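There are 2 protein chains.
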Amino acid sequence: MRTSYHDIKAIVLTRIRENIWPPGANLPGEIELAKEFGCARATVNRAMRELVDEGILERKRKAGTKVKSYPTRRALFSIPIIREEITNTGAKYRYVLIERKIMPAPGWLRARLEVKKDQPILHLQCMHYAGPNPYQLEDRWINLAAVPNAADNDFEDMGPNEWLVREVPFTEGELVFSATNASNEVANFLNTSDGTAVFTVERTTWLDKISVTYARLYFARDHKMLTRL
Amino acid sequence: MRTSYHDIKAIVLTRIRENIWPPGANLPGEIELAKEFGCARATVNRAMRELVDEGILERKRKAGTKVKSYPTRRALFSIPIIREEITNTGAKYRYVLIERKIMPAPGWLRARLEVKKDQPILHLQCMHYAGPNPYQLEDRWINLAAVPNAADNDFEDMGPNEWLVREVPFTEGELVFSATNASNEVANFLNTSDGTAVFTVERTTWLDKISVTYARLYFARDHKMLTRL
DNA sequence: TAGTGGTCTAGACCACCCC
DNA sequence: GGGTGGTCTAGACCACTAA
Numbered sequence: 243m244r245t246s247y248h249d250i251k252a253i254v255l256t257r258i259r260e261n262i263w264p265p266g267a268n269l270p271g272e273i274e275l276a277k278e279f280g281c282a283r284a285t286v287n288r289a290m291r292e293l294v295d296e297g298i299l300e301r302k303r304k305a306g307t308k309v310k311s312y313p314t315r316r317a318l319f320s321i322p323i324i325r326e327e328i329t330n331t332g333a334k335y336r337y338v339l340i341e342r343k344i345m346p347a348p349g350w351l352r353a354r355l356e357v358k359k360d361q362p363i364l365h366l367q368c369m370h371y372a373g374p375n376p377y378q379l380e381d382r383w384i385n386l387a388a389v390p391n392a393a394d395n396d397f398e399d400m401g402p403n404e405w406l407v408r409e410v411p412f413t414e415g416e417l418v419f420s421a422t423n424a425s426n427e428v429a430n431f432l433n434t435s436d437g438t439a440v441f442t443v444e445r446t447t448w449l450d451k452i453s454v455t456y457a458r459l460y461f462a463r464d465h466k467m468l469t470r471l
Numbered sequence: 243m244r245t246s247y248h249d250i251k252a253i254v255l256t257r258i259r260e261n262i263w264p265p266g267a268n269l270p271g272e273i274e275l276a277k278e279f280g281c282a283r284a285t286v287n288r289a290m291r292e293l294v295d296e297g298i299l300e301r302k303r304k305a306g307t308k309v310k311s312y313p314t315r316r317a318l319f320s321i322p323i324i325r326e327e328i329t330n331t332g333a334k335y336r337y338v339l340i341e342r343k344i345m346p347a348p349g350w351l352r353a354r355l356e357v358k359k360d361q362p363i364l365h366l367q368c369m370h371y372a373g374p375n376p377y378q379l380e381d382r383w384i385n386l387a388a389v390p391n392a393a394d395n396d397f398e399d400m401g402p403n404e405w406l407v408r409e410v411p412f413t414e415g416e417l418v419f420s421a422t423n424a425s426n427e428v429a430n431f432l433n434t435s436d437g438t439a440v441f442t443v444e445r446t447t448w449l450d451k452i453s454v455t456y457a458r459l460y461f462a463r464d465h466k467m468l469t470r471l
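So the protein lines, in turn, are chains C and A.
Heads up, the first sequence is in our numbering, so the first residue is 243 and it goes up one at a time.
Heads up, the second sequence is in our numbering, so the first residue is 243 and it goes up one at a time.
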């Protein structure tokens with residue numbers, strides 16, 4: 243069997259680990275490596291490109307390829323549908339709509355979504371349960387100018403998250419993770435006490451520069467978000 | 243100019259967005275698409291592979307390519323060196339070692355790192371400041387069986403994070419994000435009050451199945467971690 | 001301006017896996 | 001069994017950019 247791009251990646255990683263190519267070092271060019279490994283340049287190229295994707299190498303035309311001095315490790319999160327996230331743990335998923343109201347955007351939201359005054363916004367509050375336990379409180383705002391048909395949905399049976407993912411594409415998104423002390427209201431919904439540290443995610447999405455939705459997600463006490471490198 | 247794999251990706255995304263290929267739909271085979279776009283199959287292949295990487299499509303041999311029913315969006319975090327993270331904001335970075343001690347691993351850590359009883363562990367506590375403000379409290383445990391030369395370093399001038407990234411490669415890593423209520427000690431270091439919700443990251447890394455280090459990072463009040471999709 | 005990576009091609013063989 | 005994607009090749013031209 244010939245040298246595959248997998249093999250090449252492994253070899254390169256080994257050489258880096260063994261300090262044959264220490265951080266900052268320049269690697270030979272693709273043609274030379276192809277000769278060494280006895281394969282086509284395209285094969286070397288693919289291996290190298292993937293190592294760049296993985297944050298191990300840096301490449302610049304003319305300058306060549308070098309080992310990153312501080313390998314930028316990157317963590318990959320998949321953003322799951324909450325129903326699947328819960329169902330996958332074996333628990334039963336339950337969704338409850340708490341409130342649904344069409345209203346003009348409050349000031350802080352106007353700023354965030356860049357919508358004009360009096361522009362109608364659909365505001366939803368919902369709870370997601372895993373079995374008997376509260377899992378997440380969702381506070382969602384949908385820009386009806388961007389998604390007019392959201393107004394036709396009563397969201398009694400399906401969470402807005404799920405509906406949006408299926409119905410409304412987006413071109414850009416932002417995620418912000420933080421920790422907040424639960425307000426009295428949040429604590430009640432999440433079945434915990436005032437001031438409990440709550441893992442919080444804010445999510446905003448845009449479709450071609452037009453803001454689609456902003457959501458604040460409060461997770462139950464002791465929620466952990468896990469990822470592998 | 244010929245159709246590039248960038249163009250193909252854009253076209254496919256557009257067709258998905260316009261519901262020409264709705265979620266779950268099967269796409270034509272690579273050969274057919276290559277014919278349609280007037281390019282080589284390899285070009286189509288690359289476009290499709292990248293769309294799989296981005297969580298838009300699913301492919302299976304023989305079955306073909308289809309649009310994911312629930313496109314799994316993925317967020318990419320780069321894990322920066324804390325010094326660079328702070329310096330990049332324009333603030334001055336300051337590092338202080340609080341404690342350094344070699345000790346046997348406590349029980350909870352033995353379980354986590356899978357190390358034997360009485361195996362020596364280097365325990366470090368340090369603070370990272372952004373200008374005058376506390377930025378992060380680092381509680382770090384280094385497995386000296388995996389990294390013996392860590393014992394030679396006094397870590398007075400350089401944080402263990404930075405040292406490890408430069409000196410010790412790893413093959414696997416785990417990140418856990420959560421929110422915790424600050425203990426009295428943590429609150430004091432972070433210049434806040436008891437019980438404040440603190441964004442917390444736990445990080446564990448392994449080198450070829452051998453655990454290297456475990457760290458618990460407590461960020462200052464109101465810290466936000468941001469990422470784009 | 002010359003060297004390096006970036007991309008494309010036309011063809012080939014193979015591995016997997018649904019039917 | 002046969003169709004689909006996975007991968008590789010040998011060669012080509014191009015784009016960027018460091019020297």
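In this text, a Cβ means the ideal position worked out from N, Cα and C, and glycines have one as well.
Since this is a predicted model, take the numbers as computed values, not measurements.
Which of helix, strand or coil DSSP assigns to glycine 349(C): helix
Nearest-angstrom Cα separation, counted from threonine 314(A) out to valine 407(C): 9 Å
7 Å Cβ shell around isoleucine 324(C) - same chain, five flanking residues per side excluded: His370, Gln378, Gly401, Asn403
Length-filtered (4 minimum) alpha helix (DSSP H) runs lying within the stretch 245-320 of chain C: 247-259, 272-279, 283-295
Delimiting residues of the alpha helix (DSSP H) encompassing valine 428(C): First-last of the alpha helix (DSSP H) with valine 428(C): 426-431.
Range covered by the alpha helix (DSSP H) that runs through glutamate 404(A): Per DSSP, the continuous alpha helix (DSSP H) segment holding glutamate 404(A) begins and ends at 402-409.
Chain C contact for valine 418(A) (CB, 8 Å cutoff): yes
Where methionine 290(A) falls, given that 16 or more other Cβ within 10 Å makes a residue buried: By the beta-carbon neighbour count (other beta carbons within 10 angstroms, threshold 16), methionine 290(A) is buried.
Distance CB(valine 440(C))-CB(phenylalanine 461(C)) smaller than 8 Å: yes
Contact list for glycine 437(A) against chain C, beta-carbon separation under 7 Å: Ordered by position in chain C, the residues that pass the 7 Å Cβ test against glycine 437(A) are Gly437.
Chain C contact for lysine 466(A) (CB, 8 Å cutoff): yes
Reduced DSSP secondary structure (H/G/I, E/B, other) of isoleucine 323(A): Reduced to three states, the DSSP call for isoleucine 323(A) is coil.
The stretch 348-368 of chain C / the stretch 384-401 of chain C touching (three or more Cβ pairs under 8 Å): yes
Separation of threonine 446(C) from proline 270(C), as counted between CA atoms: Rounded to the nearest whole angstrom, the C-alpha separation of proline 270(C) and threonine 446(C) is 43 Å.
From Lys451(C), Thr455(C), Arg458(C), Leu293(C), residue whose alpha carbon lies closest to that of isoleucine 250(C): Leu293(C)
Cross-chain neighbours of arginine 316(C) in chain A, by beta carbon under 9 Å: Leu318, Phe319, Ser320, Ile321
Residue(s) in a DSSP beta bridge with leucine 468(A): Val418(C)
Isoleucine 328(C) vs alanine 372(C) beta-carbon contact at 8 Å: yes
Rounded straight-line distance, which links the Cα of leucine 351(A) to that of isoleucine 344(A): 14 Å
Chain-order list of residues whose beta-carbon lies under 6 Å from that of glutamine 367(C) (same chain, five-residue window excluded): Taking glutamine 367(C) as the centre and dropping the five residues before and after it, the same chain places the C-beta of Ile340, Glu341, Asp381 closer than 6 Å to its C-beta, in chain order.
C-alpha distance - arginine 470(A) paired with leucine 318(C), whole-angstrom precision: 12 Å
Own chain, CB closer than 8 Å to phenylalanine 412(A), minus 5 neighbours either side, in chain order: Thr447, Trp448, Leu449, Val454
Burial state of proline 374(C), where buried means 16 or more other Cβ atoms lie within 10 Å: exposed
Euclidean distance between Cα positions of alanine 284(C) and tyrosine 247(C): 9 Å
N-terminal and C-terminal residue of the beta strand (DSSP E) that asparagine 385(C) is part of: Following the DSSP letters along the chain, one finds asparagine 385(C) inside the beta strand (DSSP E) bounded by residues 375-385.
Beta-bridge partners of alanine 372(A), as assigned by DSSP: Tyr335(A), Asn375(A)
Residue interval of the beta strand (DSSP E) (run including valine 389(A)): No beta strand (DSSP E) holds valine 389(A); DSSP gives it neither H nor E.
Proline 346(A) versus alanine 393(A): straight-line alpha-carbon distance, rounded: Just so you know, the alpha carbons of proline 346(A) and alanine 393(A) end up roughly 14 Å apart.
8 Å Cβ shell around aspartate 399(A) - same chain, five flanking residues per side excluded: The residues are Tyr337.
Straight-line Cα distance separating isoleucine 298(C) from asparagine 330(C): 33 Å
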